[in-house]
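*Asks:* So for the sequence shown, the numbering used here puts the first residue at 1159; every next one is plus one.
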Amino acid sequence: MGLAFLRCRPRCVLIVVALVVVIFVTATTVHPKLRHIARVNYNYYVGDAGPWRTGLSSQDGPPRYTALREWEANLPQHNLSLPFPEGKTGRYVKFANQARVLGWNNCFNEVLMNAHLAYVSGRSYVFQDYVWTREHYQWPAETWLNVNPRTPLNAIVSGPVAGGPFESDDPAPRAISEDWFDTVCPLWSRTYINVHDVKRALVDAPGTEVLATWQKLLRDSPDRCIEVTHSKSESFPQTFDLSLFGSPRVLTLWDSFSQSPISRLLDASPIVRAAVDRNAYLFLPRGPRPPHPAPRSPFQRMLAFHLRRGDYEGHCRGLTYINAVFYSWNMFPHLPDRFVSEPDAPGKDARFLERCWPDQAGVLRKAADARRDYMAHAAAQGMQDATLDVMHLLTNEKSAWIDGLKHALEQDGWSISTSMDLVLDVEQTDVSMAVDMEIARRAAVFVGNGWSSFTSNIVYQRLVDKRDPITIRFS
Ligand SMILES: *[C@@H]1O[C@H](CO)[C@@H](O)[C@H](O)[C@H]1NC(C)=O
């Protein structure tokens, strides 16, 4: 038999090859994950001509960010000849343990805090693409360009965190891209620190101690290239993790973090700012002219209301069950509308849900209270033209419920726009969460959801902008 096999070699080889192809094709089509990978790669390399294609994004798929990617690759700090602390003698830190495949706002906290840590350690921060969770990505899976869809950081934010310049008198090394890190810090030149080895001693430590411990480690190390890694088994491998951001321990970091150029020079990306501008007509008040002087800028008379709906109802019930406290910067005791946990009090579940998942009456009441308090504050400050009559609803709700709410709010004197009204191009659509956040950052008054990281990152930016606490409210 064996000999016969050898004698018919050319034909047998053909048969074997054909068999392998059949098995490969079958396996790829039957297994959903393999099928997905095959389709994505086919779309990318064959359908869309892969990285060789230079045209603009296709009509109904995600954006390619061709121009932005090229700009990121050619940042001026991507240059080996630059003097210390940049260039080939520079000092770098890459956080390979950064959260991926998680909601943007859970990643955003951590990205900012890691960049601040790199800054206080005198090292260049290695910025990375944002990697989406499959459920949050807005484009149909057949059109994806990557198995794990990603968005360049500079499409969402700008500033030193994403490679932008520091102030002119600040000698800090600028942040570099992940790709450039591979060039300036080849694998053999890297020192690896396993996050767990450092974190073990920091369980329940205040934020300042977590920062100081890492800062000392990164600053004192003579090694040029440091990569912070984690083991696959760890459930919270981040340097600054959820258990820190979800506890008052994080608040001790405020002084250093809020004064950092990472915070002070943080801005929306040009893509996001352009999206806000092109939709500004939606925010103009539509009522009769007020009988008193009022600001011309719609943002100065706007209340932005974060109304997280959809999957949040189940999420709120879960939070009630575990008696969750407010998230991160939402916990500041000097902000109005604090939430005081009352684990065993009768009726506490209903009170909790009222705030986490407000109904129409709750939204109307909160908007009216926020307006009354803001106007009283403005009067006390002598702001003669203070007016609050425009409302932007930051919401993922598309149902008739929102129409009923809009109608009721209009009866109450508000001119309403919602996230769903914004007209966005393909790149702006990809980063629409940041567009809403920028509107809320600029609004005169913001009402958020205290359990939400989306809200806490808006609160963070408003506090950095030195907004009065009376303009930072929670449902
Ligand atoms: C790289 O940096 C060196 C030293 O500052 C400078 O002379 C050179 O023009 C830079 N190269 C590029 C491509 O910008």
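From the three backbone atoms N, C-alpha and C, an ideal C-beta is built for every residue, glycine too.
In chain order, what are the residue ranges of uninterrupted beta strand (DSSP E) at least 3 long that sit wholly in the region 1400 to 1474?
*Replies:* Counting whole runs of 3 or more residues, the region 1400 to 1474 contains the beta strand (DSSP E) stretches 1460 to 1465.
*Asks:* Let me have the residue list for ligand 1: C-beta closer than 7 angstroms to any non-hydrogen atom, ordered along the chain.
*Replies:* Going along the chain, the residues that qualify are Pro1234, Asn1237, Ser1239, Leu1240 and Pro1241.
*Asks:* Rounded to a whole number of angstroms, what is the C-alpha to C-alpha distance between Arg1358 and Ala1558?
*Replies:* So the two alpha carbons sit approximately 50 angstroms from each other.
*Asks:* Provide the residue span of the beta strand (DSSP E) that contains Asn1352, from first to last.
*Replies:* Asn1352 -> beta strand (DSSP E) spans Arg1348 to Asn1352.
*Asks:* Compute the distance between the beta-carbons of Gly1280 and Arg1407, then report whether it is under 8 angstroms.
*Replies:* Cβ atoms of Gly1280 and Arg1407: not closer than 8 angstroms.
*Asks:* Have a look at Gln1286, Arg1530 and Pro1501 and flag the residue whose alpha-carbon is nearest the alpha-carbon of Trp1338.
*Replies:* Nearest of Gln1286, Arg1530 and Pro1501 to Trp1338, Cα basis: Gln1286.
*Asks:* Could you check whether the Cβ of Trp1346 sits closer than 7 angstroms to any heavy atom belonging to ligand 2?
*Replies:* In the structure on display, ligand 2 does not appear, and the ligands it does have are ligand 1.
*Asks:* Give every residue of the same chain whose Cβ lies closer than 6 angstroms to the Cβ of Asn1306, excluding the five residues on either side of it in the sequence, and list them in chain order.
*Replies:* Around Asn1306: Val1289.
*Asks:* Among Cys1343, Asp1327 and Pro1453, whose alpha-carbon lies nearest the alpha-carbon of Ser1282?
*Replies:* It is Cys1343.
*Asks:* Can you tell me the Cβ-Cβ gap for Ala1602 and Thr1629, rounded? I've got them flagged as a contact below 8 angstroms.
*Replies:* Confirmed, Cβ separation roughly 6 angstroms.
*Asks:* Is it buried or exposed for Ile1480, if we count other Cβ within 10 angstroms and need 16 for buried?
*Replies:* Classification of Ile1480: exposed, given that the 10 Å Cβ count is below 16.
*Asks:* Who are Gly1317's beta bridge partners in DSSP?
*Replies:* In DSSP, Gly1317 forms no bridge with anything.
*Asks:* In terms of residue numbering, what span does the alpha helix (DSSP H) encompassing Ile1597 cover?
*Replies:* Counting along the chain, the alpha helix (DSSP H) containing Ile1597 begins and ends at Ser1590 to Arg1600.
*Asks:* In this structure, does DSSP put Phe1632 in helix, strand or coil?
*Replies:* It is a strand residue.
*Asks:* What's the gap between the Cα of Ile1616 and the Cα of Trp1262?
*Replies:* Near 13 angstroms, if we compare the C-alpha coordinates of Trp1262 and Ile1616.
*Asks:* Please report the straight-line C-alpha distance between Val1356 and Trp1372, rounded to a whole angstrom.
*Replies:* Roughly 8 angstroms between the two C-alpha positions.
*Asks:* Between Phe1182 and Asn1304, what straight-line distance do the alpha-carbon atoms span, to the nearest angstrom?
*Replies:* Roughly 21 angstroms separates the two Cα atoms.
*Asks:* Using 10 angstroms around the beta-carbon of Glu1300, count the other beta-carbons present and answer buried if the total reaches 16, otherwise exposed.
*Replies:* Result: exposed.
*Asks:* Report the partner residues of Ile1334 according to the DSSP bridge assignment.
*Replies:* Answer is Val1284, bridged to Ile1334.
*Asks:* If we call anything under 8 angstroms between Cβ atoms a contact, is Pro1419 one with Tyr1203?
*Replies:* In this structure, Tyr1203 does not lie closer than 8 angstroms to Pro1419 by Cβ.
*Asks:* Helix, strand or coil for Ser1573 per DSSP?
*Replies:* In this structure, Ser1573 counts as strand in the three-state DSSP scheme.
*Asks:* Nearest to His1550 by alpha carbon, out of Val1581, Ala1526, Asp1469 and Phe1457?
*Replies:* When only C-alpha atoms are compared, the closest one is Phe1457.
*Asks:* CB Phe1253 to CB Asn1237, shorter than 8 angstroms?
*Replies:* It is not a contact, given that the beta carbons lie outside the stated cut-off.
*Asks:* Scan the region 1167 to 1197 and note each continuous alpha helix (DSSP H) run of 4 residues or more that stays entirely inside, going in chain order.
*Replies:* Those alpha helix (DSSP H) runs which fall completely within the region 1167 to 1197 and span 4+ residues are 1167 to 1188.
*Asks:* Determine the burial state of Glu1500: buried for a count of at least 16 other Cβ atoms within 10 Å of its Cβ, exposed for fewer.
*Replies:* The residue in question, Glu1500, is exposed, as its Cβ has fewer than 16 Cβ neighbours within 10 Å.
*Asks:* Under the DSSP definition of a beta bridge, which residues are partnered with Tyr1203?
*Replies:* Paired residues: none, contrary to the question.
*Asks:* Quick check on Lys1524: buried or exposed, where buried means 16 or more other Cβ atoms within 10 Å of its Cβ?
*Replies:* Its Cβ being crowded by 16 or more others within 10 Å, Lys1524 is buried.
*Asks:* Below 8 angstroms between beta carbons: does that hold for Tyr1532 and Ser1611?
*Replies:* No; because the gap between Cβ atoms is not below 8 angstroms, this pair is not in contact.
*Asks:* Below 8 angstroms, can you find three or more Cβ-Cβ pairs linking the region 1558 to 1572 to the region 1513 to 1523?
*Replies:* They touch, by the three-pair rule.
*Asks:* Quick one: what does DSSP say Val1622 is sitting in, helix, strand or coil?
*Replies:* If DSSP states are grouped into helix, strand and coil, Val1622 belongs with the helices.
*Asks:* I need the DSSP call for Gly1540, collapsed to helix, strand or coil.
*Replies:* Three-state result, Gly1540: coil.
*Asks:* If you reduce the DSSP assignment to three classes, tell me which class Lys1556 lands in.
*Replies:* Three-state result, Lys1556: coil.
*Asks:* How many angstroms separate the CA atom of Ser1326 from the CA atom of Pro1318?
*Replies:* If you take the alpha carbons of Ser1326 and Pro1318, they lie about 12 angstroms apart.
*Asks:* Using C-beta distances below 8 angstroms, list every residue in its chain close to Leu1400, excluding the 5 sequence neighbours before and after it, in chain order.
*Replies:* These residues qualify, in order along the chain: Asn1264 and Phe1394.
*Asks:* Decide yes or no for the touch test of the region 1429 to 1436 against the region 1579 to 1587: beta carbon pairs closer than 8 angstroms, at least 3 of them.
*Replies:* As far as the Cβ criterion goes, the region 1429 to 1436 touches the region 1579 to 1587, which means the pair count is three or higher.
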